[in-house]
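Quick note, the sequences are listed as chains A and B, same order.
First residue of the first sequence: 369, per the working numbering; consecutive thereafter.
First residue of the second sequence: 163, per the working numbering; consecutive thereafter.
By construction, the Cβ of each residue, glycine as well, lies at the ideal position given by its N, Cα and C atoms.
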Amino acid sequence: ETGVTQTPRHLVMGMTNKKSLKCEQHLGHNAMYWYKQSAKKPLELMFVYNFKEQTENNSVPSRFSPECPNSSHLFLHLHTLQPEDSALYLCASGVWGNEQFFGPGTRLTVL
Amino acid sequence: AQSVTQPDIHITVSEGASLELRCNYSYGATPYLFWYVQSPGQGLQLLLKYFSGDTLVQGIKGFEAEFKRSQSSFNLRKPSVHWSDAAEYFCAVGASNDMRFGAGTRLTVKP
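Right, here's the structure in full:
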């Protein structure tokens, strides 16, 4: 158990739906991350938050909208997704400048 | 630009045999280097890390890795593989908002 939790673990949604992924950590970390993991591709860093401030947005489409209300919680709001957005979405946390600790991921399927 | 290459997509070893997973990196400065393991349906778990100092680092589950600056490599090794080591292994370089992951090496363990 890494101390990073993600809900839901599995999500199936239609292209017109709006849903949110949640990530929570109680490790005292000040940085939180969203990654996308697709089959046969390296992990893609999507968003980075340091002390609740977004420091990185790696050209992610606007249909993905992150929110970091405090250092312990991170959300990924989803709307009008495409089938190619189906993937495992991983949240991670860490102390800025050090290793990252990952949650178990949310398996997202877009129909 | 920094990058990570894991030359072997899939490796099969017999239980009890030794293991070496290769990782080559490109990085402009002294790198932070990591090895993570991912079991099916799970997030990534940190095996070990190198920041500075002794170039041979020990990790969890009996794994070790050696940093070789001249070869830009950070290969992962284990002297005797157990069936439970079957998983996907990721090498990563960098830290904070600049972490890059390799595409991963899938390890299969034969009885």
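Check: Using a beta-carbon distance cut-off of less than 9 Å, what residues from the segment 203-218 of chain B approach chain A?; Outcome: GLY203, GLN204, GLY205, LEU206, GLN207, LEU208, LYS211 and PHE213
Check: If you check the beta carbons only, do SER440 of chain A and HIS394 of chain A fall under 8 Å apart?; Outcome: yes
Check: Taking only beta-carbon positions, decide if GLY264 of chain B is within less than 8 Å of chain A.; Outcome: yes
Check: Taking only runs that begin and end inside the segment 182-249 of chain B, name each unbroken beta strand (DSSP E) of 3 or more residues, in chain order.; Outcome: 186-188, 195-200, 206-212, 218-220, 226-230 and 235-240
Check: Which one of B:GLY205, B:GLN204, B:SER234 and B:TYR212 has the shortest CA to CA distance from ARG104 of chain B?; Outcome: Nothing can be reported for residue 104 of chain B, as the shown portion of chain B is limited to 163 through 273.
Check: Between the segment 449-462 of chain A and the segment 185-193 of chain B, do three or more beta carbon pairs fall short of 8 Å?; Outcome: no
Check: Can you give the Cα-Cα distance for VAL478 of chain A and THR217 of chain B, rounded to whole angstroms?; Outcome: 44 Å
Check: So what does MET381 of chain A bridge to, in DSSP terms?; Outcome: A:VAL478
Check: Which residue from A:GLU467, A:GLU435, A:LEU442 and A:LYS390 puts its Cα closest to that of PRO193 of chain B?; Outcome: A:GLU467
Check: Taking only beta carbons into account, state which residues of the segment 376-396 of chain A come closer than 7 Å to chain B, listed in chain order.; Outcome: none
Check: Please report whether the beta-carbon of PHE236 of chain B lies at a distance below 8 Å from any beta-carbon of chain A.; Outcome: no
Check: Could you give the uninterrupted runs of the alpha helix (DSSP H) lying entirely in the segment 373-417 of chain A, keeping only those of 4 residues or more?; Outcome: none
Check: Straight-line CA distance for ALA254 of chain B to GLY382 of chain A?; Outcome: 34 Å
Check: Return helix, strand or coil for GLU369 of chain A, following the three-state DSSP convention.; Outcome: Confidence in GLU369 of chain A is poor, its pLDDT being 47 and thus under 50, which makes the residue's placement too unreliable to answer from.
Check: Taking only the alpha-carbon atoms, compute the straight-line gap between GLU369 of chain A and ILE222 of chain B and give it to the nearest angstrom.; Outcome: Below a pLDDT of 50, predicted positions are generally treated as unreliable, and GLU369 of chain A, at 47, falls in that range; no measurement from the model is reported.
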